[in-house]
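Protein chains in written order, with the working numbering: chain A, 1 to 448; chain B, 449 to 720.
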């Protein structure tokens with residue numbers, strides 16, 4: 001009798017697992033891409049940021065062309081492309097290898113051209129391509145998962161697509177090698193220099209550019225970098241100071257995320273897990289190209305301390321917000337405003353998302369001012385301090401910490417104000433509710 | 449502008465033949481130090497169109513006159529090469545940290561210029577993809593167009609088809625026609641979304657003005673002022689192709705402004 005019960009969970013699993021796979025396949029089969037592909041359709045420009053999914057060839061020119069013919073025509077049509085190619089290794093390969101023409105990567109048939117994805121580059125550059133795709137196993141954040149994770153973000157699915165084109169320009173790093181090795185020179189030397197990274201690694205949530213350039217490493221680079229020999233590999237003794245790639249892609253390794261300990265600083269991590277102990281050893285060894293081991297290990301410990309301090313402040317702010325939430329004092333409440341991206345407006349359970357695990361990353365619009373204050377504290381101030389500490393720029397640590405103190409103060413003050421106003425006192429009728437109406441708010445509701 | 453382009457092309461061909469390749473915009477036979485009046489005196493005869501274009505430009509009409517020597521310096525030998533490089537523009541347009549400059553210098557064009565400027569031959573004309581990436585003048589004073597207000601400029605999608613085509617032609621030195629069209633369309637759509645956010649805020653404040661005093665609306669209005677720069681950032685981000693200005697300095701910043709304005713207004717009765 002009892003043994004027969006075993007069949008119940010087995011039967012449920014036998015139905016549920018294939019159903020699960022089927023559901024994920026179904027949800028990815030819409031007009032858009034990713035988990036919410038059925039909720040949105042792409043803008044035409046997405047063809048260039050996600051060519052695998054959306055690129056369709058121009059059909060204005062008919063015929064099949066040889067590489068030489070491409071070059072001849074495009075010298076007149078788009079001379080910059082041909083000039084670039086002439087400077088590249090593709091046009092003058094070493095060791096008697098064949099010239100790599102336009103058609104080798106884009107195809108011969110002008111009505112059926114394609115934009116080269118990493119797989120196309122990988123047919124020749126297989127070592128780098130294998131490393132690049134292997135990066136996925138180190139999880140996100142990483143270059144190779146950047147595009148799919150961006151398109152799976154709830155705010156990406158929710159917002160008008162012409163607006164979130166801004167996101168895919170950087171997140172397209174997963175779909176095209178020319179994010180770092182710009183077309184049509186495709187230079188390794190170029191990608192070794194910090195400027196190759198700054199178009200994406202800049203701005204409030206990841207001021208990698210500013211913190212690096214302010215650091216001693218960056219100052220040395222700015223003073224002398226022009227004269228360094230960038231044809232050399234990123235290994236010991238070749239460069240007087242490290243660049244982004246020297247540390248994060250040592251020896252040209254394309255798994256950028258492999259040594260990531262604190263990730264992007266968006267959630268608290270235990271930096272001393274057995275996996276992270278290995279990464280710490282790798283860092284100390286790498287820093288050992290120039291620095292003593294004890295000194296390097298101490299830098300990592302200081303970063304641990306910075307993270308711990310920052311998270312103590314962030315958790316304090318989160319607690320204030322969660323208290324307000326449970327006292328139903330947030331204005332507007334989750335029901336008085338457009339739903340959290342992806343939620344149905346009529347859903348029974350609507351609540352404010354506070355903190356990383358509840359989906360804070362998508363809670364920067366259609367939220368109350370106090371939640372936005374926390375978002376900025378978490379995403380801007382916190383990361384300013386983190387990047388300052390990681391890249392050796394003490395001024396950014398001080399500024400980030402001071403900004404977090406100020407944000408925490410504001411959040412506490414505003415929480416008190418809401419509390420003294422008392423529950424329900426700020427409630428407005430949903431009719432004529434300014435949070436649900438307005439030109440952009442309505443456009444956002446209707447366009448994704 | 450078109451006439452000038454044709455004349456310049458003829459000049460370019462003759463110069464190329466005579467000097468064996470490079471465009472010689474500056475006559476190398478002249479050397480020495482000159483002031484603005486002297487520049488105009490000579491170049492009005494040799495390149496009257498150029499001086500005429502400059503006279504129509506915002507540079508010539510600005511309160512702080514941007515004359516020949518402001519960009520070209522006083523040395524004739526380095527006059528052209530100096531003015532083609534970004535630094536002369538940056539010095540006046542707010543410096544390295546100004547959004548106008550920073551949105552470019554953090555773009556791919558700008559980043560590549562930062563590492564490649566030293567390898568460029570600045571004697572070459574600002575046309576025909578003579579440079580790996582465009583600097584300020586390559587787009588905004590393309591082929592030596594001295595009326596900066598008629599070259600590549602903001603709000604181009606509001607211009608006539610003919611003007612748009614001229615601008616597309618600049619990008620097409622390097623990029624395919626369809627790609628350019630898509631970028632321009634997307635830039636305009638992105639900017640229109642940003643304008644929607646600003647208009648939503650304006651309409652809220654306008655309605656609130658019927659009920660509340662100027663003093664009560666002050667915080668909302670101060671927040672509205674911030675939207676102006678954030679809107680410009682979206683425009684700069686789209687124009688200079690800086691994702692960071694489109695996004696973090698642009699759209700989500702406007703989202704924050706809008707919800708804070710709503711916050712200020714919705715809490716007003718509490719202060720009564």
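All C-beta atoms, glycine included, are put in the ideal place defined by N, C-alpha and C. Model, not experiment: these values are computed from the prediction.
What's the C-alpha gap between residue 364 (chain A) and residue 595 (chain B)? Straight-line measurement puts the Cα of residue 595 (chain B) at about 42 Å from the Cα of residue 364 (chain A).
Select from the region 147 to 160 of chain A all residues with a C-beta closer than 7 Å to any C-beta belonging to chain B, and list them in chain order. For the region 147 to 160 of chain A, residues whose beta-carbon sits nearer than 7 Å to a beta-carbon of chain B comprise 160.
Between the C-alpha atoms of residue 440 (chain A) and residue 447 (chain A), what's the straight-line distance to the nearest angstrom? Going by the C-alpha atoms only, they are around 10 Å apart.
The alpha helix (DSSP H) enclosing residue 295 (chain A), as first and last residue numbers: Here the alpha helix (DSSP H) through residue 295 (chain A) covers 293 to 326.
Enumerate in chain order the residues of its own chain whose CB-to-CB distance from residue 324 (chain A) is below 6 Å, with the five nearest sequence positions on each side excluded. 330 and 415, listed in sequence order.
If we call anything under 8 Å between Cβ atoms a contact, is residue 112 (chain A) one with residue 57 (chain A)? Annotated as proximal: residue 112 (chain A) and residue 57 (chain A), with beta-carbon spacing under 8 Å.
Contact set for residue 105 (chain A): own chain, Cβ-Cβ below 6 Å, skip 5 residues either direction: Hits under 6 Å: 116 and 120.
Between residue 342 (chain A) and residue 154 (chain A), is the Cβ-Cβ spacing less than 8 Å? The answer is yes: Cβ separation under 8 Å.
Are there three or more Cβ pairs, one per stretch, closer than 8 Å when the region 167 to 182 of chain A is compared with the region 70 to 77 of chain A? By the C-beta criterion, the region 167 to 182 of chain A is judged not to be in contact with the region 70 to 77 of chain A, since fewer than 3 inter-stretch pairs fall below 8 Å.
Using DSSP bridges, identify the partner residues of residue 81 (chain A). Per DSSP, none; premise fails for residue 81 (chain A).
Going by DSSP in three states, residue 481 (chain B) sits in which element: helix, strand or coil? When secondary structure is reduced to three states using DSSP, residue 481 (chain B) falls in the strand class.
Could you check how far apart the C-beta atoms of residue 64 (chain A) and residue 108 (chain A) are, in whole angstroms? I think they sit under 8 Å. With a contact defined as Cβ atoms closer than 8 Å, residue 64 (chain A) and residue 108 (chain A) qualify at about 5 Å.
Taking the alpha carbon of residue 212 (chain A) as the point to measure from, which residue in A:246, A:337, A:184 and A:226 has its own alpha carbon closest? The residue with the shortest Cα to Cα distance from residue 212 (chain A) is A:246.
Anything in chain A within Cβ reach of residue 711 (chain B), meaning under 7 Å, just list it in chain order. Residues of chain A passing the Cβ test: 368 and 369.
Through-space distance from residue 281 (chain A) to residue 274 (chain A), alpha-carbon basis: Between residue 274 (chain A) and residue 281 (chain A), the C-alpha separation is close to 11 Å.
If you reduce the DSSP assignment to three classes, tell me which class residue 95 (chain A) lands in. In the structure shown, residue 95 (chain A) sits in coil (DSSP, three-state: anything other than H, G, I, E or B).
Contact check, residue 389 (chain B) vs residue 688 (chain B), beta carbons under 8 Å: Here chain B comprises residues numbered 449 to 720, so residue 389 (chain B) is not present and cannot be evaluated.
Residue 241 (chain A) versus A:381, A:379 and A:226, residue with shortest Cα-Cα distance: That would be A:226, whose Cα lies nearest to the Cα of residue 241 (chain A).
Among A:229, A:61, A:386 and A:295, nearest to residue 624 (chain B) - alpha-carbon criterion: For the residues A:229, A:61, A:386 and A:295, the minimum Cα distance to residue 624 (chain B) belongs to A:61.
For residue 217 (chain A) and residue 517 (chain B), what's the separation of their Cα atoms in angstroms? Between residue 217 (chain A) and residue 517 (chain B), the C-alpha separation is close to 38 Å.
Rank B:641, B:616 and B:652 by C-alpha distance to the C-alpha of residue 161 (chain A) and give the top, closest one. Nearest option by C-alpha distance: B:641.
Does the Cβ of residue 374 (chain A) have 16 or more other Cβ atoms within 10 Å, making it buried, or fewer, making it exposed? Its Cβ being crowded by 16 or more others within 10 Å, residue 374 (chain A) is buried.
Boundaries (first-last residue) of the alpha helix (DSSP H) holding residue 453 (chain A): As shown, chain A starts at 1 and ends at 448. That puts residue 453 (chain A) outside it, with no answer to give.
What is the DSSP secondary structure of residue 31 (chain A), reduced to helix, strand or coil? Three-state result, residue 31 (chain A): coil.
Quick one: which residues of the region 193 to 204 of chain A get their C-beta closer than 8 Å to a C-beta of chain E? List them in chain order. The structure shown contains no chain E; its protein chains are A and B.
Can you name the residues of chain B whose CB is closer than 8 Å to the CB of residue 166 (chain A)? Residues of chain B passing the Cβ test: 638, 685, 691, 694, 695, 698 and 699.
Where DSSP assigns a beta bridge to residue 148 (chain A), which residues make up the other side? Partner(s): none; residue 148 (chain A) has no beta bridge.
Taking the beta carbon of residue 400 (chain A) as the centre, do at least 16 other beta carbons fall within 10 Å, making it buried, or is it exposed? Classification of residue 400 (chain A): buried, given that the 10 Å Cβ count is 16 or more.
Between residue 141 (chain A) and residue 263 (chain A), is the Cβ-Cβ spacing less than 8 Å? Yes, the pair counts as a contact, with Cβ atoms nearer than the cut-off.
Should residue 620 (chain B) be flagged as near chain A, meaning a C-beta pair shorter than 8 Å? For residue 620 (chain B), the answer is yes, since a Cβ of chain A falls inside 8 Å of its Cβ.
Answer yes if the region 662 to 675 of chain B comes into contact with the region 522 to 533 of chain B, meaning at least three C-beta pairs across the two stretches below 8 Å, and no otherwise. Not touching, per the Cβ criterion.
Tell me the start and end of each unbroken alpha helix (DSSP H) in the region 603 to 647 of chain B that is at least 4 residues and wholly inside, in chain order. As far as the region 603 to 647 of chain B is concerned, its whole alpha helix (DSSP H) runs of at least 4 residues are 609 to 619.
Considering residue 371 (chain A), what are the terminal residues of the alpha helix (DSSP H) in which it resides? Note, residue 371 (chain A): alpha helix (DSSP H), 369 to 376.
Does the region 664 to 677 of chain B come close enough to the region 614 to 628 of chain B to have 3 or more Cβ pairs within less than 8 Å? Counting Cβ pairs under 8 Å, fewer than three are found: no touch.
Tell me the DSSP secondary structure of residue 5 (chain A) in three-state form. The three-state reading of DSSP puts residue 5 (chain A) in helix, counting H, G and I together.
Residue nearest to residue 215 (chain A) in terms of C-alpha spacing, selected from A:436, A:394, A:412 and A:420: If we check each option's Cα against that of residue 215 (chain A), A:394 comes out closest.
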